[in-house]
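Our numbering runs 12 ahead of the 1-based position in the sequence shown. Beta carbons are placed, not taken as given, at the ideal position from N, Cα and C, and that holds for glycine. Here the structure is a predicted model, which means the values were calculated and not measured. Only one structure is covered here, and it is reproduced in the block below.
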Amino acid sequence: MSLLKQVSEDAAMSNIQNKAKDELLKGLVTGEISHRFEVIREYTRSLGGRKIVGNTASTIFFIPWIIVGLVFIGVSFLILFSPDSEAPIFLSCCTFGAGSIAAMIGFSGVRGSVGEMVNPEDYEKYEATVYFNRRERYLAEVKVVLDATDDDLIGDITFLNEITLSKKSEIFCKYRPGSDGAVRPDFNDFIISHGNVSIQLDGHTYLKDKKRIAIAKEWSEKLEVKIGEPLVI
Numbered sequence: 013m014s015l016l017k018q019v020s021e022d023a024a025m026s027n028i029q030n031k032a033k034d035e036l037l038k039g040l041v042t043g044e045i046s047h048r049f050e051v052i053r054e055y056t057r058s059l060g061g062r063k064i065v066g067n068t069a070s071t072i073f074f075i076p077w078i079i080v081g082l083v084f085i086g087v088s089f090l091i092l093f094s095p096d097s098e099a100p101i102f103l104s105c106c107t108f109g110a111g112s113i114a115a116m117i118g119f120s121g122v123r124g125s126v127g128e129m130v131n132p133e134d135y136e137k138y139e140a141t142v143y144f145n146r147r148e149r150y151l152a153e154v155k156v157v158l159d160a161t162d163d164d165l166i167g168d169i170t171f172l173n174e175i176t177l178s179k180k181s182e183i184f185c186k187y188r189p190g191s192d193g194a195v196r197p198d199f200n201d202f203i204i205s206h207g208n209v210s211i212q213l214d215g216h217t218y219l220k221d222k223k224r225i226a227i228a229k230e231w232s233e234k235l236e237v238k239i240g241e242p243l244v245i
């Protein structure tokens, strides 16, 4: 492909993307989104704020580190200064070092969790939606702020990622293995990738290879793009 043709195609795709983006943005602002935009995925997240349960659990977790650390430090001084102690000085040094490390870890953890409760980061709750315009072959992941410490942020609209589908677009499955003992399950996140931009389409936990391939084919047919090689990344 010649450079001129490539530049021409990129410009055409950019125009399509801008047109579709403007139409979607207008719909989000007015609350009347065109039927041409299909919702592919929705999720809600929150950032900052006072996490009382998490910070309390963190504090409880780190307090024993402080206690054990101080006990070890106390034992090291007993070994060093007690007239009845027959333990070598080397043992006192090791005990003091281990106690100091444990105490520092504990104090650092408690200070961080208490600090987050006393002076939390600004709170923000948002909803993100992935829209698909089949006619324009346009995908967009859009964030809308639902609630925030700063009232001026509520209602803000941000386009997180955008893709105009082409022959460069591919379906992949991002696999994250679970932890031992099934404390955390496997995760299989299906994404559409276009160059250095990726948008997650959906997510699943445990999947056999046959089912994983079937889901990838469904997305490939729906979006009219190819499946990446290899599928699992």
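From the options, pick the residue whose C-alpha is nearest to that of residue i; which is it?
i, options, result
"Lys33", "Tyr187, Thr217, Ile175 and Ile64", "Ile175"
"Val154", "Ala160, Tyr143 and Leu103", "Tyr143"
"Gly124", "Ser178, Ile72 and Gly111", "Ile72"
"Asp65", "Leu103, Gly86 and Met129", "For clarity, residue 65 is Val in the given sequence; the question names Asp instead. Nearest option by C-alpha distance: Met129."
"Asp163", "Glu136, Glu182 and Arg149", "Glu136"
"Arg48", "Leu36, His206, Asp221 and Arg196", "Leu36"
In chain order, what residues of the same chain lie with their CB nearer than 6 Å to the CB of residue i, ignoring the 5 residues before and after it?
i, result
"Leu151", "Phe144, Ile175 and Ile211"
"Val19", "For Val19, the pLDDT reaches just 45, beneath the cut-off of 50, and the residue's location in the model is therefore unreliable, although a value from the coordinates is still provided. Taken in chain order, the list of residues that qualify is empty."
"Thr170", "Lys155"
Leaving out the 5 sequence neighbours to the left and right, which residues in its chain are closer than 8 Å to residue i when beta-carbon positions are compared?
i, result
"Ile245", "Phe184, Cys185, Lys186 and Tyr187"
"Arg147", "Arg48"
"Ile117", "Phe74, Trp77 and Gly81"
In whole angstroms, give me the CA-to-CA distance for residue i and residue j.
i, j, result
"Pro76", "Gly190", "29 Å"
"Lys17", "Val156", "Summary for Lys17: the model assigns pLDDT 49, below 50, so the residue's position carries little reliability; its value from the coordinates is reported in the next sentence. Taking the straight line joining both Cα atoms gives about 37 Å."
"Ala160", "Ala140", "15 Å"
"Glu236", "Arg196", "33 Å"
"Asn200", "Lys229", "15 Å"
"Leu15", "Ser26", "For Leu15, the predicted structure reports a pLDDT of 47, less than 50, and the residue's modelled location is therefore unreliable. The matter cannot be settled from this model."
"Leu172", "Pro132", "25 Å"
"Lys63", "Ala69", "10 Å"
"Val122", "Ile113", "14 Å"
"Lys222", "Lys179", "25 Å"
Counting along the chain, where does the beta strand (DSSP E) carrying residue i start and finish?
i, result
"Ile45", "Premise fails: Ile45 is in no beta strand (DSSP E) and is neither H nor E."
"Gly215", "Val209 to His216"
"Ile183", "Glu182 to Arg188"
Quick check on the DSSP output: the alpha helix (DSSP H) that includes residue i runs from which residue to which?
i, result
"Ile225", "Asp221 to Leu235"
Just to confirm my understanding: we take residue i, look at its own chain, exclude 5 residues before and 5 after, and list those with CB closer than 7 Å. What are they?
i, result
"Glu233", "none"
"Arg149", "Thr176 and Leu177"
Subject >> Minimum length 3: unbroken beta strand (DSSP E) runs contained in the segment 93 to 154 >> reply: 136 to 145
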